[in-house]
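These notes are about the structure you will find just below.
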Amino acid sequence: MTRTLIVGSGFVGRAVAARLTDSGENAVLASRRPPEAATAPWIPLDAADAASCARAVDRVRPDRLVLVHGPSDVTWCEAHPERAAALHTAATAHLTAAAPGCRTVLISTDNVFDGSSPENDESTPTAPANAYGRAKLRAERIVRETADGTVLRVSLVYGWEPPHTTKWLNYFSACAHRLRRGEPVEAPDDQWTTPVLAADVAAVTAAVLAAGAPSLLHLGGPDRISRAAWAEAVADGLGVPRSLVVRVPKALGRYASRPVNTCLTSDRLEDFLAARGLRVRGVAEGVRTLLEDAP
Ligand SMILES: NC(=O)c1ccc[n+]([C@@H]2O[C@H](COP(=O)([O-])OP(=O)(O)OC[C@H]3O[C@@H](n4cnc5c(N)ncnc54)[C@H](OP(=O)(O)O)[C@@H]3O)[C@@H](O)[C@H]2O)c1
342 MTRTLIVGSG FVGRAVAARL TDSGENAVLA SRRPPEAATA PWIPLDAADA ASCARAVDRV
402 RPDRLVLVHG PSDVTWCEAH PERAAALHTA ATAHLTAAAP GCRTVLISTD NVFDGSSPEN
462 DESTPTAPAN AYGRAKLRAE RIVRETADGT VLRVSLVYGW EPPHTTKWLN YFSACAHRLR
522 RGEPVEAPDD QWTTPVLAAD VAAVTAAVLA AGAPSLLHLG GPDRISRAAW AEAVADGLGV
582 PRSLVVRVPK ALGRYASRPV NTCLTSDRLE DFLAARGLRV RGVAEGVRTL LEDAP
C-alpha cells in the first residue's frame, strides 16, 4: 500500500488525510503540534528544520508527499514577509530533498495573482498580490523542479471548523457561527472568490496524487461570488435575516490585504476530473450540504 506523508495538520491537511484514510489508504499527518482532532496518525515535524524533515521521512518512508503547511495567515505573512518567505521556501526545499523521487503535491494559492483579472487559469502570468503569495510562489518553483511534482493552486477552501479554535476560521465557518448566534457579519461586496468545499479539495488532491496529473493545476469552485453574496447565501441557508450581513468595502476590513479577485478557473482540471468521474460543487450545493451536516 502507498504511504502518504501530509505536512500540515490544519484545516486542509486534515481533510486530505480523512479522504485518504476513508479510501483505505495509509496517510500520516505531520506538524509541530498535534492537531485538536486528528483524522490520521500524527507525527511531530518542524518543516523549517532540515534534520526534523529527514527524521520524519525516515520514519514514514512515504511514496507520496502533500505539502499543506503554514504559515497560512495572509495578514501574518504581510506583517512578517521575510519570515513567511523563508519558512515556505525552507520547508519545501527540506522536504523535497529528504524525499527525492517522491510523488509530491504542493497545495498553493490564488494569491500568486494580483487580482486584476476576474479569473486566472494556468496560463495567466503570476504577479503575487502580497507577501503570502510571494512566499508560496517561491515554494511552487521548488516543487516544479522535482521529478514528480504537481502544484495544485486552490481558491478559498470552506467547511466546518469548531468556533473555539484559536486560529482564524475559514470564511464559511466564521460567518455561519456568528450568524447562528444572531450576530452581524461584515462582508466585503468588492472581493470576489471561487470557493471550494474542503471535501472537494481533498478528493481532487487524492486524485492528483494518484497518477497522470499535470504539473500545474488550478482548483476553484464553479461559482465566482463576492464575500457578501456568499455570507447572504449562508444566512439564507440558516434561515436568519440577510440584514445581519453588513456589506463593507474590503479596504475597511480584515480582508484588506487580499486581492480584489481570488478566482481560479481551469479547463485542464475539468478534463482531468471528468476522466475520473469527479466534480467540484458550487456554493449553493456546498452550503446546503454543510448546513444539513451542521455540528
Ligand atoms: N485554507 C485555504 O483556503 C487555502 C487555500 C489555498 C491554499 N491553502 C494552503 O494550504 C495550506 C494549509 O492551509 P490551512 O488552511 O490548512 O492552514 P492551517 O489550518 O493554518 O494549518 C496549517 C498547518 O501547518 C502547520 N505548520 C505551520 N508551520 C509548520 C512547520 N514549520 N512545520 C510543520 N508544520 C507547520 C500547522 O501546525 P503547527 O503550527 O502545529 O506546526 C498547521 O497544522 C497553506 O499552505 C495554504 O497556503 C489554503
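Quick note on my numbering: the sequence shown kicks off at 342 and runs consecutively. For each residue, glycine too, the CB sits at the ideal point set by N, CA and C. Keep in mind that this is a model prediction, so the values were computed, not measured.
Sub-9 Å separation of residue i and residue j beta-carbons
| i | j | result |
| --- | --- | --- |
| residue 489 | residue 442 | yes |
| residue 526 | residue 605 | no |
| residue 538 | residue 498 | yes |
| residue 535 | residue 451 | yes |
| residue 379 | residue 344 | no |
Three-state class that DSSP yields for residue i in the structure shown
| i | result |
| --- | --- |
| residue 435 | helix |
| residue 578 | helix |
| residue 428 | helix |
| residue 490 | strand |
| residue 423 | helix |
| residue 377 | coil |
| residue 383 | strand |
| residue 453 | helix |
| residue 528 | strand |
| residue 477 | helix |
| residue 614 | helix |
Continuous beta strand (DSSP E) stretch holding residue i: start and end
| i | result |
| --- | --- |
| residue 351 | Segment: none, residue 351 is in no beta strand (DSSP E) and carries neither H nor E. |
| residue 630 | From DSSP, residue 630 is part of no beta strand (DSSP E) but of the alpha helix (DSSP H) over 624-633. |
| residue 372 | 367-372 |
| residue 546 | It is not in any beta strand (DSSP E) - residue 546 instead sits in the alpha helix (DSSP H) that spans 539-551. |
| residue 518 | Not the beta strand (DSSP E): residue 518 falls in the alpha helix (DSSP H), residues 512-521. |
| residue 450 | 444-450 |
| residue 406 | 405-408 |
| residue 589 | 586-589 |
| residue 558 | 557-560 |
Paired residues, beta bridge with residue i - DSSP
| i | result |
| --- | --- |
| residue 533 | 567 and 602 |
| residue 344 | 367 |
| residue 461 | 605 |
| residue 483 | Residue 483 is not bridged to any residue. |
Enclosing alpha helix (DSSP H) for residue i [first to last residue]
| i | result |
| --- | --- |
| residue 497 | Where residue 497 is concerned, there is no enclosing alpha helix (DSSP H), given that its DSSP letter is neither H nor E. |
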